[in-house]
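Below is one structure; the comments refer to it alone.
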Amino acid sequence: MDFGFGHEDEAFRAEAREWLLGHLIGAYAELAGVGGPGSEHLGVGVRRAWERELGSGGWIGLGWECAEGAYGNRVGSLTQQVVWAEEYARVRAPGRVGHIGENLLAPTLIAAGDEAQRRRFLPAIARGEELWCQGYSEPEAGSDLAGLRTVAVRDGGGYRVSGQKIWTSLAGEADWCFVLARTDPGERRHRGLSFLLVPMDQPGRIEVRPIRQMSGTAEFNEVFFDGARAPHVVGGEGAGWRVAMGLLARERGVATLVQQIGFAAELAAVIAAAVRGGAVRDPVLREQLVRQWAELRVMRWNALRTLGAAGDAGAPSVAKLLWGGWHQRLGELAMRVRGAAAALGPVDWSARAPYELDALQRLFLFTRADTLYGGSDEIQRNIIAERVLGLPRLER
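For the sequence shown, our numbering assigns the number 1337 to the initial residue and increments by one for each residue that follows.
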């Protein structure tokens, strides 16, 4: 199978590279590499401005399945989307704060929203002006999304939402949140759920509490809704499970190819640390480094092979199992190559700054969650067992 890129793709690559080099200057250049695992909270103000810069160039929404220019965005083929992601990673551009709106909500609105919703939200996302967060997980229903307790009741032309969400990335900065809530209290599990769009600027009705992690940072948040207004429902009342599952397939599937580009840079940093510290002379560690490299290549080829494929119920879950475990092992390996020095921070710790960590230490701590968020490994294996292998459903 040919995994190469064509002449049009390479011309697109040259255009993307030229634009990035011409615009990644000043304050944007100072944030090179910022926004990855363990540093998502840094430089949000400048990174919001960078989103608007990307929007002015038409680079937001390359993968949207709509007419080119319909919402102020370019439209690129699947291979061109990969090219753009490669070039973006190559110049170490700032981590995206608009990716939830661009890669999760927008395709969902294109597939399941109505025309009024598309015209209201897609242009603002394409211009980099509105940020989104995702209201799925709850304290008593993490990976078991169908067990959520957040409720919404009709109020005029919209709904009022009450409940709690957790592990919500960018909740403190987001303008909107898409929330899965129960709108029919008489139904159970995945029935009676609706996919609602909630503005976050509702003082007294929405409270955001940052969650302090063991790395000392607070990328995630708890969000409390107390009668918050939700003026939009996507796909119709009661269709929330179908809409949400379509969105999760995008989160776990197509996006992994872009994610692997960042993984390659992290692996290169771990290998460089092994060479620098002499750990590469250990045959066991050397074999583990080679295995990580080989597995990453296999994941990339598998992602390219399945790029754009439809109808494979297990593909997103397989992809999540592969990259979650791989990334977690990389974090562990990052500490192993450092030996005893892995326990030391880059500066002396103090009461005022007890969590000064370097990039590899942040990588290790962040990756402990890779097999949990986005649907735990146990949930992914259940999906494969039931939907692909046809095994009896797990009693719940």
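We put the beta carbon where it would ideally sit given N, CA and C, even for glycine.
- So who's on the other strand from F1560, going by DSSP bridges? Q1500, E1543
- With a CB to CB cut of under 6 Å and the five nearest residues on each side skipped, what residues in its chain are close to E1401? The residues I1446, in chain order, have a CB closer than 6 Å to that of E1401 in the same chain once the five nearest residues on each side in sequence are set aside.
- Considering only the beta carbon of each residue, do G1371 and G1431 sit closer than 7 Å? yes
- Pull up the distance between the alpha-carbon of P1539 and that of F1561, whole angstroms please. Near 10 Å, if we compare the C-alpha coordinates of F1561 and P1539.
- Query: On the premise that L1458 lies in contact with A1292, defined as a C-beta separation below 8 Å, what is that separation, rounded to the nearest angstrom?
  - Reply: The structure shown has nothing for residue 1292, since the chain only spans 1337 to 1732.
- C-alpha gap between A1429 and E1387, whole angstroms: 11 Å
- Query: Which full runs of the alpha helix (DSSP H) of 4+ residues lie inside the segment 1372-1446, going along the chain?
  - Reply: 1380-1392, 1414-1426
- Query: From L1532 to A1452, what distance separates their C-alpha atoms?
  - Reply: 15 Å
- Message: Going by DSSP in three states, G1528 sits in which element: helix, strand or coil?
- Response: When secondary structure is reduced to three states using DSSP, G1528 falls in the coil class, being assigned neither helix nor strand.
- Task: Sort out for me which residues DSSP pairs H1359 with in a bridge.
- Result: According to DSSP, H1359 bridges with nothing at all.
- Would you mind working out which of H1526, A1687, G1397, N1718 sits nearest V1579, comparing C-alpha positions? H1526
- Validate contact between the segment 1714-1722 and the segment 1650-1657 using beta carbons, cut 8 Å, 3 pairs: Contact holds: three or more Cβ-Cβ distances are below 8 Å.
- Write down the C-beta distance between V1544 and A1488 rounded to the nearest angstrom, noting that I regard them as a contact closer than 8 Å. Wrong, their Cβ atoms sit about 19 Å apart, outside the cutoff.
- So what's A1600 in DSSP terms, helix, strand or just coil? helix
- Query: Assuming A1510 contacts L1467 under a Cβ cut-off of 8 Å, what Cβ separation, rounded to an integer in Å, is found between them?
  - Reply: 5 Å
- Thinking just about the alpha-carbon of each residue, which of P1728, F1348, H1377 is nearest to the one in Q1549? Answer by Cα proximity: H1377.
- In angstroms, rounded to a whole number, what distance separates the CA positions of V1634 and G1598? 15 Å
- From the DSSP output, in three-state form, read off R1688 for me. coil
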